[in-house]
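Going by full-length UniProt numbering, the letters in the sequence shown line up with residues 1 to 320, in that order. Quick reminder that beta carbons are idealized off the backbone N, C-alpha and C, glycines included. Accompanying notes for the structure given below.
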Amino acid sequence: MVEAGSHMCPEFTQRNRWRHGRRFWMPFMLKAASCSVNFGTLVAYLIKFINLVGDHQYRQQTSPFQSLRVLLPDGSYVPYPKPRALETHEIPGVVEDYRRAAINAIRAGFDGVEIHGAHGYLIDQFLKDGINDRTDEYGGSIDNRCKFLMQVVQAVVSALGADRVGIRISPAIDHLDAMDSDPVGLGLAVIERLNKFQLNNGSQLAYLHVQLITAYVEAESGRPGSEDEVALLMRTWRNVYQGTFIFSGGFTRELGMQAVANGDADLVSYGRLFLSNPDLVLRFKLNAPLNKYNRKTFYTQDPVIGYTDYPFLQESRSRI
Ligand SMILES: Cc1cc2nc3c(=O)[nH]c(=O)nc-3n(C[C@H](O)[C@H](O)[C@H](O)COP(=O)(O)O)c2cc1C
């Protein structure tokens with residue numbers, strides 16, 4: 001199980017925002033960890049640095065997106081500010097924030113962390129040539145674009161040990177304009193570097209978690225992928241990575257079992273089905289019917305509706 005959280009900027013002071021890189025978010029993390037470990041689940045904390053998606057420190061005041069609005073937790077709207085590039089000298093501080101956030105996650109009771117290098121979050125913006133327009137040592141060549149990810153991996157692994165660190169990437173997803181001209185090549189480039197890192201480090205990362213195309217488009221946005229494209233990506237990346245491989249995106253119970261049985265994945269992860277079925281594992285074991293998710297309650301501010309109000313199997317049966 002992975003709990004997601006946002007790794008925010010140091011000086012950001014807006015109410016209702018968290019900065020667990022600096023331990024301010026610890027109470028929430030403790031609660032999330034304790035809720036989950038009671039079920040005997042291995043829990044990883046997904047560390048992401050929001051930047052493009054929502055962090056105001058890294059935005060300029062004036063924006064070409066003035067007509068777009070951002071919904072704040074209190075229900076009000078603010079204009080969408082224009083993001084700015086991190087200065088080269090700021091990057092070591094951000095890498096250090098990842099390291100600190102990872103240490104805090106373990107202190108809060110998580111078993112490990114997943115470094116979020118997918119879905120248009122900060123690391124993905126460095127990786128993709130369609131969005132990384134930097135002219136310093138972090139932009140241009142594929143080696144340069146992978147540098148930030150690898151520095152974060154190095155920093156987090158040095159703090160926790162490799163076996164507590166997973167990594168999520170989505171080379172073929174173009175959510176939030178984070179697209180690459182060669183997704184297969186980008187995935188391979190990241191994987192080659194992770195393989196080399198593991199070899200030099202003498203130990204394996206917990207896993208590599210890759211999001212496939214089709215389902216992300218259903219859940220979020222972007223370009224739809226064909227079945228052939230998805231199969232090609234799965235086999236190409238899976239065959240090269242030397243370690244535990246997780247795929248996510250559009251898996252049903254049957255498709256998940258098939259992917260593992262075929263050797264296309266070691267593990268499969270579930271998003272929407274997990275959200276709408278609090279006892280998904282039990283339902284899969286029993287091959288029981290599943291609750292249908294309600295797309296209208298995705299990404300809403302209510303802490304209950306659409307998040308913790310889906311019925312357990314027993315409740316569903318007693319309602320029939
Ligand atoms: C309500 C909801 C919230 C999500 N939040 C995030 C998020 O914060 N970060 C992220 O990278 N993906 C997020 N996702 C995407 C999921 O991690 C997953 O990639 C997606 O749902 C596809 O997997 P699935 O087909 O099993 O649902 C979210 C999905 C849903 C439905």
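As DSSP reads the structure, residue 247 sits in a beta bridge with 210, 268. In the three-state DSSP reduction, residue 156 falls in the helix class (H, G or I). Classified as buried, residue 173 has 16 or more neighbouring CB atoms from the shown chains inside 10 Å of its CB.
Beta-bridge annotation (DSSP): residue 168 is paired with 116, 209. DSSP lists 77 as the beta-bridge partner residues of residue 71. Annotation: residue 292 is outside any alpha helix (DSSP H) and is labelled neither H nor E by DSSP. Of the other Cβ atoms in all chains shown, fewer than 16 fall within 10 Å of the Cβ of residue 261; this residue is therefore exposed. Counting C-beta atoms within 10 angstroms of its own C-beta, residue 277 has 16 or more neighbours from the protein chains shown and is therefore classed as buried. For residue 118, the Cβ falls inside the 7 Å cut-off from some heavy atom of ligand 1.
For the pair residue 160 and residue 188, the Cα-to-Cα distance works out to about 25 Å. By the beta-carbon neighbour count (other beta carbons within 10 angstroms, threshold 16), residue 108 is buried. The DSSP-derived three-state label of residue 83 is strand.
By the Cβ rule, the region 225-237 does not count as touching the region 192-205, because fewer than three pairs are nearer than 8 Å. The closest CA to that of residue 114, considering only 206, 243, 302, 72, is found on 206. For the set 71, 138, 70, 295, the Cα lying nearest the Cα of residue 90 is the one of 138.
When DSSP states are grouped into helix, strand and coil, residue 105 belongs to the helix group. For residue 162, same chain residues with a beta-carbon under 8 Å away, outside a window of 5 residues either side, are 198, 201, 203, 204, 205, 206 in chain order. Taking residue 263 as reference, the option from 246, 103, 282, 143 with the minimal CA-CA separation is 246. At a cut-off of 7 Å, the beta-carbon of residue 251 counts as near ligand 1: some heavy atom of the ligand is closer than that.
Within 10 angstroms of the beta-carbon of residue 255 lie fewer than 16 other beta-carbons, which makes it exposed.
For the pair residue 210 and residue 169, the CB atoms are nearer than the 8 Å cut-off.
The closest CA to that of residue 164, considering only 244, 226, 181, is found on 244. Contact check for residue 95 against residue 155 passes: the beta carbons are separated by less than 8 Å.
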